[in-house]
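Taking it in order: structure first as structure tokens, then the write-up.
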Amino acid sequence: MGKDVIIALDFDNAAEVEAFLAKFKKPPFVKVGMELFFAEGKSIITRLKKHGCKIFLDLKCHDIPNTVKKAMSIISDLDVDITDVHAAGTSNMMRFALEGLTKVNGVRKTKLLAITQLTSTDEETMNKELLIDKPLIDTVLSYALNAKYCGLEGIVCSPFEAAKVKEACGDGFLTVTPGIRFDDSTKADQKRVATPSFAKLNGSDYIVVGRPITQATDPVAAYNRCLSEFLT
Ligand code: C5P
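The numbers in the sequence shown follow our numbering, run straight up by one, and end at 238.
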């Protein structure tokens, strides 16, 4: 899997998704999160596959190991390219999650990523509310190493941590980075935001971009701007 831009399809329903995708000549790599999946269920995945989209199913599972394993085996049947769990669920939970994902000829059909710290959480909130009395980068690196030792393919982090994660976990360990904004776009609820070019320079494999594309007056132009800033 090469470097790419993944569009976060944070829409309320399938009709909005169809109207959005109709603007694109080639099917983009897309991310389906909780809001769309909870609204439309498994059928949204079948629809996106018909369009020819690669899919990251971002449900951020976090529960007792056995429950997550069962959830992963259901996700495995959907044949998506990537899915994820929270690293905060512990190594035991991540190992159970992997057991739920089917392998074909020794290769997992769906890559599994671990969420480290959400890009909407900053260090102060992490210290004060989660009572994790450490620098944010330490928690991201510790979660990343746990994920790597368990055998996951990579993590989700902010572009500010991607280079350090690569240093600690190796170049082949995937870094998928949301919290992307153009110089001229608003942050909304995100806190640790960076531009596509910053993400590129800092070793992100995939950038996840939602509102700067989905809410742009010209989404295809915004997507192409991301591609050119990130890939060239
Ligand atoms: O609209 P925006 O570009 O902020 O969307 C970012 C997307 O990435 C959202 O779907 C959000 O759920 C997801 N995400 C994130 N931070 C993480 C993991 C996922 O923003 N750490």
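For every residue, glycine included, the Cβ atom is placed at its ideal position computed from N, Cα and C. The structure presented is a predicted model; accordingly, all values stated were derived computationally and were not measured.
N-terminal and C-terminal residue of the beta strand (DSSP E) that residue i is part of
i: Leu63; result: Ile61 to Cys67
i: Ile161; result: Gly160 to Val162
i: Lys37; result: Phe35 to Val38
i: Ala168; result: Premise fails: Ala168 lies in the alpha helix (DSSP H), Pro165 to Cys175, not in any beta strand (DSSP E).
i: Ile13; result: Asp10 to Ala14
Limits of the unbroken alpha helix (DSSP H) element including residue i
i: Ala25; result: Ala20 to Leu27
i: Ile143; result: Leu142 to Cys156
i: Ile70; result: Note, Ile70: premise wrong, no alpha helix (DSSP H); not H, not E.
i: Ile219; result: Arg217 to Thr220
i: Glu129; result: Glu129 to Lys134
i: Ala228; result: Pro225 to Leu237
i: Asn98; result: Ser97 to Gly106
i: Leu137; result: Taken as a continuous stretch (DSSP letters only), Leu137 belongs to no alpha helix (DSSP H), as it is neither H nor E.
i: Ser49; result: Ser49 to His57
Heavy atom of the ligand C5P within 8 Å of residue i beta-carbon
i: Cys163; result: yes
i: Pro184; result: yes
i: Ala194; result: yes
i: Arg231; result: no
i: Leu124; result: yes
i: Gly216; result: yes
i: Ile121; result: yes
i: Lys66; result: yes
i: Asp189; result: no
i: Ala14; result: yes
i: Lys29; result: no
i: Thr220; result: yes
i: Gly39; result: yes
Paired residues, beta bridge with residue i - DSSP
i: Leu88; result: Going by the sequence as given, residue 88 is Ile instead of Leu. Its beta-bridge partners are Phe62 and Lys117.
i: Ala200; result: Ile186
i: Leu180; result: Gly160
i: Lys109; result: Arg114
heavy atom of the ligand FMN below 8 Å from residue i C-beta
i: Thr223; result: This structure lacks the ligand FMN; the ligands present are the ligand C5P.
> Do three or more CB pairs link the region 140-152 to the region 164-184 at distances below 8 Å?
Replying inline: Touching, per the Cβ criterion.
> Does the region 136-148 come close enough to the region 73-90 that 3 or more CB-CB pairs lie under 8 Å?
Replying inline: Here the region 73-90 does not lie against the region 136-148, with fewer than 3 beta-carbon pairs under 8 Å apart.
> Three or more C-beta pairs closer than 8 Å, one from the region 45-57 and one from the region 189-197: is that the case here?
Replying inline: In short, these stretches do not touch, since the Cβ pair count stays below three.
> Quick one: any contact between the region 96-111 and the region 122-129, if contact means 3 or more CB pairs under 8 Å?
Replying inline: With the cut-off at 8 Å, the region 96-111 and the region 122-129 do not touch.
> Are at least three pairs of beta-carbons, each pair with one atom in the region 109-126 and one in the region 159-169, less than 8 Å apart?
Replying inline: The answer is yes - the region 159-169 touches the region 109-126, with three or more Cβ pairs under 8 Å.
> Looking at C-beta atoms only, is the number of pairs between the region 7-23 and the region 211-225 that lie closer than 8 Å three or more?
Replying inline: At 8 Å Cβ cutoff, the stretches touch.
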